[in-house]
Every structure is written in C-alpha cells, then in structure tokens.
Amino acid sequence: MGFELGGDEVAQCWRDVGDVMASGLLRVLLYGPPGTGKTFAALHSGVTRTPAERLVCTEDLSTGEITGTWMPAASGSWTWREGPAIRSWRADAGRGGRLVVDEVDRASGDALSTLLAMTDSPESARWRNPETGDWVVPGPEFSVVMTTNLEQLDDLPDALRDRFPVCIRIDQPHPTAVAQLSADLRAPALGGSLGESSRRVSLRSFYAFDQLRRRVGPSRAAHLVFGEHARNVLDALNIGALR
Amino acid sequence: MSVFPELVTGREDDFGVRAWRVERGSTFRGEASCNLTERILEVPLGDDPESRVVRAHELMHARISPHSLEWARHFSDVSPRALECAEELRVNTLIGRLGFDVSLLHDGSEKIGGRRLGRLGEWDQAVCFLLAVLATGAEREYLSGVRGERPEWMAGLRAVRKRSLDLLDATSTEVAGSTAFDDDGVPSGYAQVTVVLARMVTQAMAARSPQGPVALRQFRRSLEPGGRRAPTGRFATLCFDEPAPLIARMRTGGVRRPRPISSGTVMRYPGRLLSDPERRAFVERAHHHGGIVVIDQSGSMDIEPDELQRLLRRAPDALVVGYSHRPGDQGATANAWILAQRGGVAAPRAGNVGNGVDGPILRWALAHRRGSEPVFWVTDGQVTDSHDHPDEALTDECARLVTGSHITLVRDLAGVQRAMRTTTAKRTRDHGSFGRVGRRILENTRN
C-alpha cells in the first residue's frame, strides 16, 4: 500500500490522522480541499484485512444504496442484497470493517437519515434484515471515515457532527502520494492544493501533467491539463524553479 | 485568468507553504503588490502581455523577497527606500533572465514622475527611483523626464546605472535568487545583491549630484566597493544619545572673573574714565559657574576625563556636550551627547570618527544659552559634511555663527579654563590658527 502516516516530513494534519487511527477511534471526519488524498487515506489507513466499503454521496443517493435492496432472482423471486453499510458492519467474520462515506455534505435528507442510523454508536445502531427478519448490529471493530470538501463544518447537520467527535482538516497532500511525482513537481503539488477553489491544482492534475510532459513537452502538457490556465501555471512553476 | 502563487515554491528559508489570497490589481504602478506577511497577492488578471509580466514580477517577490525584516537592524546604515528600490531591481533582473519581457514594465507615468522629481530638486529620490525602473521599459521615459528638468543630474545617474548593472552582471542567478540564510540570518540573495545595491545607492542619495569632471570621478569612486563616500554638502541631522546617568558633583567656587565696575578699591581700568560713559574703572571679581562647552570629539579630538573634571571645578554649572558623526550614518548612531549638565557629570565617551554636525550642534548650544553666558567651541577648525568631507559653505555657516554669536574658539579643555578667566574677547587674528573656520572668519572680517 505504501501509505505511512508518520515521520517528521509529514504535515501536521496527516500526523493527526495517524494518531487518531492508531488510537482505535472508530469515527473520524476528514475535510478540506479536494485532491489531497482524504479518500485514499480513508480507504487504506488502518485497514488491514477486508477492503473498505465505499459510498459516494450524491443528491440521488438512496437509502437502498446504503443498506441494501431487493433484487430479482433467476427463479422469479426476489432476494435481498445488502448494501455497503451493512456489508461493512458484518465484514471480517462479524468483527466489522471500514465504511468510507465520501462527500457526505452532498447526501440528500433521506440518505443522511440512514447514514445517521448506520454511523450511530455501537450500542444504538441496529438494523433489521427485511428478508430474514434478523436484527443486525455493527461488529466491534466497525469504523467509519467520512470525507467532505467543505471548508466550514457548520454546514453539516449537528447530529452528524455529534457522531464524529474528531474532525481533521486535510490541507496538504500526503508526502507519500506526492513522492510519486517527478522531483521538480513535488513542492508545487503540495502548494497547489492550498489555493482557493478556483486556483486549486489537484494532485491528479499534477500526475497527468507529469506523465504527459514526458511525451509532448511541458507547454503542450500544460495546455492539455490546465487549459486556459496553462500559461499562468507554467509561469509560476518556472519562477518557483529559479536556479 | 488566474494566478497561482501557491505553485511558486523553491524557497530555502522558513517561509513554508500556505494559501495566498489573490486580489485584482492593475498594471499601473502601485496597483500591484506582494504582501508576504499576510500572503496577499494583488495583480492584474488580464490576458495581455503587460499583465502577465506584472504577475511574474509579483510572483518573483513571492519566490525571493524576504518575508520578515527582523534582521533589518543589521542595515541601519541603509535607507529603507533604497532597499525597496534595490529589491525591485533584483526582481526585475531575475524575471528578465527567465525570459519575461521586462520592457513591458511601464505604465506611462514615469516621464512625469522623473520631471516632477527634477522640478522639486529631489536628487536622492531620483537616484533611488532609478533603481526601481532600471533595465525595464520605464527607464528611458523616466530619465527623459529627469533630463528635461535637471540635465546636470544625468552624469551622476548614469554612473549609478552603470555600477548597478555591473554588479548584477557579475552575480549569477543562483546567488541573486537564493533565499538560504547567511551567517547573520539574512537571505543570502538579498544580502549579496539588494543590500549591496541599496548601500551603494544610499551613499549616492546622500551625496551631492556631481558637477564637473573632478566631482564625477569622486562620485564614481564612491560607488565602488569600499570607495569613500562622496561629499553631501550638508550636515547630518543632530541625533542625541539617550541621557546618560549624571553624577552630582560637589559645588566649588567656580571661576573668579574680573569685570569693570564703577566703584571699588582697586582702579584696574583707569582708561575707562575717559572711554566708558559709566566710568567703570574699578575691578570686581565675580564668580562664574556656568557656560556652554561644545566639544568636537571627532578623530584625534578626544577628551581626557581628568581634563573634564578640572574644567568642571572651574565651571560646576557648565553644560558640556560632545559631538561626532559616523560618516554616512542614517540616524542609528547618536552623534551628540551630554557630558555635563548644570551640576551633574556623565562618564566621557568616545567619538565616531567624523564631525558631520558642527553647525547643528552650535545652533543647539546657542538655543540653550542662558542670558549672556559664554559659549566655547573646542575644535581644530575643521567643519565637515555628513560624509566627513570638508565643505566651504558649511565652514562659512559655522564661521558666521562664531562671529555673530560670540562663540569662543579653543583648542582643548585646558583652553576653555584659560578662556573662562579672561574678559578679553579673542582677537580676530588669533582665529588664524583654527583651520578652515579660522581662515574663513579672517576672510569674512576683511570683506
């Protein structure tokens, strides 16, 4: 996986994430500008056995996509297929796994209500399987990491905030992710994620630019990746690279 | 169109990577800026070539300019305005080396600005601003404006221009743009280029604009590393030291000085029976406790503590001030100090090489004179400007103060004691031994 949350060169936000994960805290909210590796960390950090389940919230996200839905079977009957939230409750032979909820601020009211139930404390959370009538509760090691690109968490419902006592603002890409870039782009990539939204240059853009410029040169690569901003991005990179 | 200051990295100091705020500026002078303390970049956001090069200029500030001036105390001899303008030159030079078209850096106001500085006679500002526009599209227009009002300044400005460009040509981009701290904790590119340029320009600002080949040669030499500062033709600003603790002295009798009186026991001045309308032919020995003593402490004109003590036994209430200016100093070093004040005495201190404030300190002494108490000037007769060059006009100014306000010239503190005992005013011809001031007094008397 190659994703280490530690070391002196790691920004404070990532050290905070590492400390929280290591402490066994099971509810964490990561927020901040896009392209800094929040989801990557949520999917991989502290996940050792079963792969994490992932939900990407949109306005159209339905309750069924969270907990499960009836699906037609070949026999003409219907079978219940559990959604990612319940799968992560039961994961790892009932011990519970990791549920990652991306862009939680975009979830509609119905979906948000369901997410509140799914992310409630282990003592309160339970769900009845409509096919078997069995009650299901989250395994003892079930954990949730939510992410959002919001800069102010006041826009999130209080009930949701209450379930996530630790909220960490991720304002820099993780050095491990940045290290995959060519050396001259690593520092700009760290800085590029910090600008306001209209000026933000995500890590993904840098990956693309780095790969393209080897084949078509920096000017053409910048044009393809950054569009109308190409010249200004290149000017900034050239001035930064002053030697 | 947008601008990406967060992508400008590569600094080797402790600036760190954080978000910037971008505000819309324009290509007009003063309407684009880079605030490194609050990380605010004000730049034009247009798609035109002029806007692009102004953006590059401000981004270069973000790349190389110091974000803290805590170490600025190291450069107290350098004008802050000169530092600003020299930094502009460093930035413009480096963006030019990266291929940006610095000929586009002009907004059409430069000619008017140059003309205005010429009209106001602000040579110092004219020299300083030259650095800010040097090697950009604004330089020609600016110099044209100055030339229109002050053609006599052009030789000096050309000398500053050449020296600045020579210095930059001899400096690599790596050195000029370095933000690594040097041993003094100053970004090395700033220290090796901006400060060196600013120090040179500060001297040129303080100097007189050179007129004639001799003055121009002297001016050019002053711009070289280690070159002697060029003449300024004016005194430095008087800058008193913090008041030193004064130790109260035992009061003594002071000087018993004879003076004529119309009655008494000894007829000392019989000639006055004929010449003095009040017929003051008798003598009275009156005690004098005070007086003002101004001591030139430049170079070899230092004082011995014992001599000061002896003087104060004669004149316990005297006000004694020392002065000496550090050539080129901008006010960071005191150039005047109280040695004794109406009964208290401070520890003597050493001077600062030059004179530099002869005129201002004499005026200060006259302003503090009580009634007709005597004022003594301990001097070798040399009068120098703020760069420690002898100057005829300043010498004349001091000579007129001496004669007009009856200031007594003496060579040393022992001479002050002798002068305190006599009522006879120093004869004009005695001034001949006091260097330039003395000679000027003689000339003025003859004329």
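Residue numbers (the numbering used here), protein chains in the order written: chain A, 1486 to 1728; chain B, 248 to 694.
Note that beta-carbon positions come from the ideal geometry of N, C-alpha and C, so glycine has one too.
Since the structure is predicted, the reported quantities are computational estimates derived from the model, not experimental observations.
| Asked | Found |
| --- | --- |
| Chain-ordered neighbours of L254(B) on chain A, where CB pairs are closer than 7 Å | P1673, G1676, G1677, V1686, V1718, A1721, L1722, G1725 |
| Beta-carbon proximity check, I1655(A) vs L1515(A), cutoff 7 Å | yes |
| Short Cβ contact (7 Å threshold) for S633(B) with G598(B) | no |
| Test: R1705(A) CB closer than 7 Å to a CB of chain D | In the structure shown, chain D cannot be found, because the protein chains are A and B. |
| Bounding residues of the alpha helix (DSSP H) (the contiguous stretch that carries E1669(A)) | The amino acid at residue 1669(A) is misidentified as Glu; the sequence shows Asp. Unbroken alpha helix (DSSP H) run through D1669(A): 1668-1677. |
| Completely contained beta strand (DSSP E) runs for the segment 269-293 of chain B, where each covers 3 or more residues | 280-282, 287-290 |
| Chain-order list of residues whose beta-carbon lies under 8 Å from that of E554(B) (same chain, five-residue window excluded) | D659, L660, A661 |
| Where G1680(A) meets chain B, residues with beta-carbon distance less than 9 Å | S249, F251, P252, E253, L254, A266, W267, V269 |
| A303(B): contacting residues in chain A (beta-carbon distance under 7 Å) | D1720, I1724 |
| Test: H1714(A) CB closer than 7 Å to a CB of chain B | yes |
| Validate contact between the segment 1626-1635 of chain A and the segment 1578-1589 of chain A using beta carbons, cut 8 Å, 3 pairs | yes |
| P563(B) burial status per 10 Å Cβ neighbour count (16 or more: buried) | buried |
| At least three beta-carbon pairs within less than 8 Å, the segment 1677-1684 of chain A to the segment 251-260 of chain B | yes |
| Interface positions of the segment 292-322 of chain B facing chain A (Cβ-Cβ less than 9 Å), listed along the chain | D294, R299, R302, A303, L306, M307, A309, R310, I311 |
| Cβ-Cβ separation, E1544(A) to R1591(A) (assumed contact under 8 Å), whole Å | 6 Å |
| Endpoints, alpha helix (DSSP H) assigned at M1506(A) | 1497-1507 |
| Residues of its chain near D431(B), where Cβ-Cβ distance is below 8 Å and the 5 sequence neighbours each way are ignored | W318, H321, A438 |
| Same chain, Cβ closer than 6 Å to M1486(A), neighbours up to 5 away in sequence not counted | For M1486(A), the predicted model reports a pLDDT of 34, less than 50, meaning its position is unreliable; a value from the coordinates is still stated below. Closer than 6 Å at Cβ, skipping near neighbours: H1529. |
| Where G1509(A) falls, given that 16 or more other Cβ within 10 Å makes a residue buried | exposed |
| Three-state secondary structure (DSSP) of S469(B) | helix |
| Cβ-Cβ distance between L404(B) and L377(B) below 7 Å | yes |
| Close-in-space but distant-in-sequence residues of the same chain around D371(B) (CB under 6 Å, 5 per side omitted) | M452 |
| Closer than 7 Å to chain B by CB, G1492(A) | Because the pLDDT at G1492(A) is just 49, under 50, the model does not fix this residue reliably, and the value given afterwards should be weighed accordingly. No, G1492(A) lies away from the interface with chain B (no Cβ there is under 7 Å from its Cβ). |
| Contacts of T420(B) in chain A (Cβ-Cβ under 9 Å) | L1727, R1728 |
| Option in A462(B), G395(B), R362(B), S510(B) with minimal Cα separation from R527(B) | S510(B) |
| A1480(A) vs G1522(A) beta-carbon contact at 7 Å | As displayed, chain A neither begins before 1486 nor continues past 1728, which places residue 1480(A) out of reach and without an answer. |
| Counted within 10 angstroms of its Cβ, other Cβ atoms place D1647(A) as buried (16 or more) or exposed | exposed |
| Bridge-paired residues (DSSP) for Q588(B) | L566(B), G591(B) |
| Alpha carbon of L1490(A) to alpha carbon of A579(B), nearest angstrom | Any reading at L1490(A) is ruled out, since the residue's pLDDT is 44, under 50, leaving its predicted position unreliable. |
| Presumed contact (8 Å Cβ cut-off) between R455(B) and G424(B), rounded CB distance | Going by Cβ atoms, the distance from R455(B) to G424(B) rounds to 35 Å, so no, they are not a contact pair. |
| Residues near R271(B) in its chain [Cβ-Cβ closer than 6 Å; skip 5 each side] | L292 |
| Close-in-space but distant-in-sequence residues of the same chain around P1518(A) (CB under 6 Å, 5 per side omitted) | S1678, R1685 |
| Chain A within 7 Å of L336(B), Cβ atoms only | no |
| The segment 536-544 of chain B in contact with the segment 619-639 of chain B per 3-pair CB rule at 8 Å | yes |
| Buried or exposed by the 16-neighbour rule on C-beta atoms within 10 Å, applied to D1595(A) | exposed |
| Nearest to G1624(A) (by Cα), restricted to the options E1550(A), A1578(A), A1602(A) | A1578(A) |
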